[in-house]
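Novice:
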Amino acid sequence: MSQSTKPDSFESLNDTAALPSSRQPDGDGMYHLAEELFPIGRSLTGEGVRESLRIIQKHIPLEMHEVPTGTSVFDWTVPYEWNVREAYIIDPYGNRLADYSKCNLHLLGYSEPIRKTVSKEELEEHLHSIPEQPDVIPYVISYYEKRWGFCLADQQRQNLPAGNYQVVIDATLEPGALTYGSLYLPGDKQSEILLSASICHPSLANNELSGPVLLTWIAKYLCSRKNRRLSYRIVFVPETIGSLCFVSQNLETLQSRVIAGYVLTCIGDSGPFSYLSSRPGDCLSDHVATQYLEEHYPHFRRYSYLDRGGDERQYGFPGIDLPIGSIMRTKYLEYPEYHTSADNLALLSPSSFQESFEVVCGILKRLEAARIFRVRTKGEPQLGRRGLYPTLSTISSRSVVEDMMNVLAYCDGRHDLTWISKHLDRPIAALGTIIDTLLKHDVIDEM
1129 MSQSTKPDSF ESLNDTAALP SSRQPDGDGM YHLAEELFPI GRSLTGEGVR
1179 ESLRIIQKHI PLEMHEVPTG TSVFDWTVPY EWNVREAYII DPYGNRLADY
1229 SKCNLHLLGY SEPIRKTVSK EELEEHLHSI PEQPDVIPYV ISYYEKRWGF
1279 CLADQQRQNL PAGNYQVVID ATLEPGALTY GSLYLPGDKQ SEILLSASIC
1329 HPSLANNELS GPVLLTWIAK YLCSRKNRRL SYRIVFVPET IGSLCFVSQN
1379 LETLQSRVIA GYVLTCIGDS GPFSYLSSRP GDCLSDHVAT QYLEEHYPHF
1429 RRYSYLDRGG DERQYGFPGI DLPIGSIMRT KYLEYPEYHT SADNLALLSP
1479 SSFQESFEVV CGILKRLEAA RIFRVRTKGE PQLGRRGLYP TLSTISSRSV
1529 VEDMMNVLAY CDGRHDLTWI SKHLDRPIAA LGTIIDTLLK HDVIDEM
């Protein structure tokens, strides 16, 4: 069986000693980046996203893209840009409550500007809290319906005095742009791995920041690799509308080149690793990630596409059909701090970041080493005119043809040779001989 002429370009992927000191994937460095990004007020649009991407640009050569308000993105439209200067409530005794400058979760996301005096009864219609978690501030948003509001701990809400309250939301909601960041790293082949993280929520440490922080260090590491067999496309996008903007601007390229990829989210805590599969559930992304996790973390949690909630929804939706799964630790919606002020930096740790880095790199290493093929014909190829079909049918010849046709059935760009061997229960060396024959006769291409 022929081998790639390229050496295993990721053979020392987890060997941090092989990296220059400035490139070492240190957990402390990742944690410090999370600390720097945590206070910034982010949303779907606005200066908070741009500021966050500019900070990430200090680590990797990220390109920023602006998509104007009103742009049609498939079935969606890019909304107005939202920026906040200040927001707060003043109670009847002059005390300032729900101050955005102290915690940006206090303000309902995408609140329209307002400055007025309201009764307690009217104010209550615009307040959000969680009675079951009385000491946390919830994260609440209203992207596509105009409204205003504040979020606060339920124990504080229950003790609000009667009287009139001054409400101030000094914000702009006007035409602007949605911003996302991308980085393309070419390899020896055009076949791409897509890595994505959301960068739109405000101060939510594990749910939001762990993904872009880890992805920054993954990208920094990939930039340092001189021998990449595969190409990499790395994106930092506001959730849903941001990923749709990115896909709509690159759809043809993505569909023709992306062979695997992952959304990174909720990956900085100390919980067990989790994997959420692509929509088909059996693509290269799924095979490689689950095989790696089975070997190293046999008790990892598996989720199907039916459990989706992040941008894997957009990447895998019919008509887009990208083979993208999600790598997580404790999955979103499944830890009590999710979408509250309790999802703070205390949930993250340098050691968790370091371990997550090594897991993602281990999966990428296997993708680099995987042999993946795609048949060149539409419909079953005619083997006879290529001299690959025996003119005399015997039991042994039928077995050879059966193996060849079964191999061809899975040369679809979604299954690597290791998976095909396991699925067909045939030695990989025997299948390698078939692969070499098919390559020689231009029946398949190696991706």
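Each residue of the sequence shown is one higher than the one before, starting from 1129 at the first, in this note's numbering. Yeah, the Cβ is synthetic: ideal placement off N, Cα and C, and Gly gets one too. Note that this is a predicted model, so its numbers are computed, not measured.
Using the DSSP secondary-structure output, state which residues sit across from residue 1576 in a beta bridge.
Specialist: Lying before the first or after the last residue shown, residue 1576 is absent from the chain, which here runs from 1129 to 1575.
Novice: If you draw a straight line from the alpha carbon of residue 1214 to that of residue 1542, how long is it in whole angstroms?
Specialist: Roughly 50 Å separates the two Cα atoms.
Novice: Within the stretch 1161-1201, note down every full beta strand (DSSP E) run reaching 3 residues or more, in order along the chain.
Specialist: As far as the stretch 1161-1201 is concerned, its whole beta strand (DSSP E) runs of at least 3 residues are 1191-1196.
Novice: If we ignore side chains and look at the alpha-carbon of each, how far apart do residue 1316 and residue 1362 end up?
Specialist: Spanning the two alpha carbons is a distance of roughly 17 Å.
Novice: Going along the chain, which residues of its own chain have a beta-carbon closer than 6 Å to the beta-carbon of residue 1194, five neighbours each way excluded?
Specialist: Same-chain partners within the cutoff: 1305 and 1307.
Novice: Could you tell me whether the stretch 1152-1169 touches the stretch 1482-1502, using the rule of 3 or more Cβ pairs below 8 Å?
Specialist: Judged by Cβ distances under 8 Å, the stretch 1152-1169 makes contact with the stretch 1482-1502, as three or more pairs qualify.
Novice: How is the beta strand (DSSP E) around residue 1501 delimited, first residue to last?
Specialist: Per DSSP, residue 1501 belongs to the beta strand (DSSP E) from 1500-1503.
Novice: Got a sec, what are the start and stop residues for the beta strand (DSSP E) residue 1325 sits in?
Specialist: Looking at the DSSP string, the run of the beta strand (DSSP E) that includes residue 1325 is 1320-1326.
Novice: Looking only at DSSP bridge pairs, what is residue 1278 linked to?
Specialist: 1235 and 1255, per the DSSP bridge assignment.
Novice: Would you list the residues sitting across from residue 1574 in a DSSP beta bridge?
Specialist: In DSSP, residue 1574 forms a bridge with 1501.
Novice: Grouping DSSP H, G and I as helix and E and B as strand, with all else coil, what is residue 1386?
Specialist: Here residue 1386 sits in strand by DSSP.
Novice: Just the C-alpha distance for residue 1562 and residue 1505, rounded to the nearest angstrom, thanks.
Specialist: About 17 Å.
Novice: So for residue 1350, helix, strand or coil by DSSP?
Specialist: Looking at residue 1350 - three-state DSSP - the assignment turns out to be helix.
Novice: Per DSSP, which one or two residues make a beta bridge with residue 1215?
Specialist: Answer is 1297, bridged to residue 1215.
Novice: Do residue 1295 and residue 1324 have their beta-carbon atoms positioned less than 8 Å apart in this structure?
Specialist: No; because the gap between Cβ atoms is not below 8 Å, this pair is not in contact.
Novice: Whole alpha helix (DSSP H) runs in the stretch 1399-1463 with 4 or more residues, listed along the chain?
Specialist: Runs of the alpha helix (DSSP H) inside the stretch 1399-1463: 1412-1424 and 1440-1443.
Novice: Count the other CB atoms, across all protein chains shown, that sit within 10 Å of the CB of residue 1439; report buried if there are 16 or more and exposed otherwise.
Specialist: So residue 1439 ends up on the buried side.
Novice: DSSP on residue 1540, reduced to helix/strand/coil?
Specialist: Note: residue 1540 maps to strand in three-state DSSP.
Novice: Use the C-beta contact count for residue 1388: other C-beta atoms within 10 angstroms, 16 or more gives buried, fewer gives exposed.
Specialist: Buried is the call here.
Novice: Mapping DSSP to helix, strand and coil, what is residue 1579?
Specialist: Because the chain in this structure spans residues 1129 to 1575, residue 1579 falls outside the shown range and cannot be described.
Novice: Kindly identify the DSSP beta-bridge partner or partners of residue 1242.
Specialist: DSSP lists 1297 as partners of residue 1242.
Novice: What residues in its chain sit with their C-beta under 7 Å from that of residue 1318, if we drop five residues either side in the sequence?
Specialist: Result list for residue 1318: 1359 and 1385, in chain order.
Novice: For residue 1212 and residue 1383, I'd like the C-alpha separation in whole angstroms.
Specialist: Each residue's alpha carbon lies about 38 Å from the other.
Novice: Please go through the same chain and pick out, in chain order, the residues whose beta-carbon is closer than 6 Å to the beta-carbon of residue 1301, but skip the five residues on each side of it.
Specialist: Excluding positions up to five away in sequence, the list reads 1208, 1210 and 1240.
Novice: Consult DSSP for residue 1224 and reduce its assignment to one of helix, strand or coil.
Specialist: Correct three-state label for residue 1224: strand.
Novice: With H, G and I counted as helix, E and B as strand and the rest as coil, what does DSSP make of residue 1271?
Specialist: Three-state result, residue 1271: coil.
Novice: Can you list, in chain order, the residues of its chain with a C-beta nearer than 6 Å to that of residue 1309? Leave out the 5 residues immediately preceding and following it.
Specialist: Within the same chain, residue 1309 has close Cβ partners 1181, 1190, 1192 and 1364.
Novice: Whole-angstrom Cβ separation of residue 1437 and residue 1421, contact assumed at under 8 Å?
Specialist: Incorrect: roughly 20 Å between the Cβ atoms, too far for contact.
Novice: Let's see if you can read the secondary structure: which residues bound the beta strand (DSSP E) around residue 1362?
Specialist: Run containing residue 1362: 1359-1365, per the beta strand (DSSP E) assignment.
Novice: Touching or not, the stretch 1225-1240 and the stretch 1259-1271, by the rule of three or more beta carbon pairs under 8 Å?
Specialist: The stretch 1225-1240, when compared against the stretch 1259-1271, does touch it at the 8 Å Cβ threshold.
Novice: Can you name the start and end residues of the alpha helix (DSSP H) that residue 1550 belongs to?
Specialist: Start and end: 1545-1552.
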